Every structure is written in C-alpha cells, then in structure tokens.
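In the numbering used here, the protein residues as written are 1002 to 1282.
Below: one structure, written as structure tokens.
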Ligand SMILES: [Zn+2]
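So, in structure tokens, the structure goes:
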C-alpha cells in the first residue's frame, strides 16, 4: 500500500497543528496518532504502508525553507519516504526554491494548501515553480476544495487557471476535491494529468456530511485515484480509511490500482529506467 497523503512535520510544528485542530479550528477533531519522527514511520509500517509522502505546508514567511530542509534530512533517515516540500509565495524568489527542492533535494513535488497559507493556487508568484515542475514531471498535491470548514469554493476555478496555463502539470486534488466534486471531476475530464487522493473520503461522517463523491466517481476515475489518509492528523483509526474504500466493493483490480499501482505510475516508479526502489510485493 502506498499512501500519498501523509504529513511529516517536525515535532514543534505538528504540536501546533494538533493544537489548532483540537482547540482553535471549531474544535474540529481530536488527533488519534500524535506521532512524529521514527514512531510516525513505524506506525505506518504497522498499518501495511510501503511508501508514504512527507506533505508539509507553510503559513508564514521563512517556514517553507525550514520545512524543506527538514524533509531533505528526513528522507535519508527514512527510505520509505517519498519526499515532498512546499513553496510559500511570500518568501519571494520561488524559482530559486524550486531549484533547491527539485535539483538539490530531488523531491517528487510540492504540497500547497491555499487555505492555510492564504495564498491562492493561481497566484502568479507560483508560476515559475509550476513551469519547472511541468518540465521535470514533478507533482503538485493541493487542497482546492472547501472541505471541511473553509469558506471559499473558488479553488477548482483557480486550479483551472493554473492547468490552462500548465496543462501537463501533474496534479493531485486532495480529498477528491471535497466538497466541489463536480468541478474537480471536470478538471480530470479536461486535463490528462489530474489525479485525486482519498484522504478523509468516506470516513468522519459525524463531523462533515457529503464526504464522498460516490461509487460511480471511483469507477469513472479508477486510473486517477490514489490512496491517501491524512495521517497522522486524523480522528479515527487508520484502517477506517482503508475500510471506507474497500466497502465500496470496487473489486480487486481497481483496489490494486487505488492502493498501489496508480501511485507508482504517477510517481514514475514502475518503469525499468526509473529510480530503483525497494518495494515489497
Ligand atoms: Zn492533509
């Protein structure tokens, strides 16, 4: 199993995020796994995860370089990690950041969370980064949807502006685009490299309703959906996320795609010429 929506922050940042979830963000949810570092990685292994991302995001200037450095150091320590960094437009010189994280650190892509960073996806300061990513085949994982509690629903529209300009940019829409499923699906119809992750889909129904695009969505986009959990910032057991997907009874072939092979092809890890990796069967 490969999990493309795992967060991996330094302990101090995780503590701040958990405080936010539990107290400030409408008391959204309590965190089941308050884990960081080696324990975080060990827990994923226990859950059957072979490879996982290191999604990070910044909400203030200066934080992104610190997080990118942290991920770079961590990827050597934890070989199962698929390193992802982030870019904060307010830091300036975004093309320099892109060179650092892609050329020096070899990251697979970046995570952008427009609601946390208060920077829109179509902010032109990101364009040099997108241009570099499109050329290098790097992946943008972003959270354009308004779920669970964000006030603006213009994310898909802004992402469309980005993709119109950079149509070959590999993009993963987190949470299947919740709650703007239709607009997110339309992006997948119009752009070849648009994917979806499953984080929080089909679980956590007590906090927000309508958290699944439905079984037909999974059938239609079977080649574009990658498993993601949002670990460790989740208020339920990891396997609840797995069960929420297997309960759709999509069949072994589609499940293999969602839990593993779609991610491998998106990451470029399934061709003989790609980076050699120690992937368990
Ligand atoms: Zn997340």
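All C-beta atoms in this analysis are idealised placements derived from N, C-alpha and C, irrespective of residue type, glycine included.
No experiment lies behind these values; they were computed from the predicted model shown.
Helix, strand or coil: which one does DSSP assign to residue i?
i, result
"residue 1007", "coil"
"residue 1054", "strand"
"residue 1082", "strand"
"residue 1241", "helix"
"residue 1136", "helix"
"residue 1174", "strand"
"residue 1235", "coil"
"residue 1268", "helix"
"residue 1036", "coil"
"residue 1167", "coil"
"residue 1156", "helix"
"residue 1255", "helix"
"residue 1113", "strand"
"residue 1131", "helix"
"residue 1021", "helix"
"residue 1197", "strand"
Measure how close the beta-carbons of residue i and residue j come, nearest whole angstrom, since I'm counting them as under 8 angstroms.
i, j, result
"residue 1196", "residue 1163", "About 15 angstroms; that fails the 8 angstroms criterion."
"residue 1148", "residue 1129", "So it is not a contact: roughly 29 angstroms between Cβ atoms."
"residue 1268", "residue 1083", "7 angstroms"
"residue 1133", "residue 1103", "6 angstroms"
"residue 1040", "residue 1031", "Rounded, the Cβ-Cβ distance is 18 angstroms, inconsistent with contact."
Considering only C-alpha positions, which residue in the set the options is nearest to residue i?
i, options, result
"residue 1068", "1076, 1077, 1058", "1058"
"residue 1018", "1223, 1233, 1221", "1233"
"residue 970", "1087, 1056, 1082", "This structure does not reach residue 970, given that the chain is present from 1002 up to 1282, and the question cannot be answered."
"residue 1076", "1042, 1060, 1094, 1091", "1042"
"residue 1138", "1145, 1150, 1122, 1169", "1169"
"residue 1106", "1092, 1071, 1126", "1071"
"residue 1239", "1221, 1204, 1261", "1204"
"residue 1200", "1166, 1259, 1160, 1152", "1259"
"residue 1224", "1214, 1113, 1193, 1236", "1193"
"residue 1079", "1113, 1092, 1044", "1044"
"residue 1006", "1012, 1177, 1220", "1177"
"residue 1052", "1089, 1109, 1064, 1065", "1109"
Closer than 7 angstroms from C-beta to any heavy atom of ligand 1: which residues, in chain order? 1006, 1008, 1056, 1144, 1175, 1200, 1231, 1234
Inter-stretch contact (C-beta, 8 angstroms, three-pair minimum) for the stretch 1229-1237 and the stretch 1185-1195: no
Contact the stretch 1239-1255 vs the stretch 1149-1158: 3+ CB pairs below 8 angstroms: no
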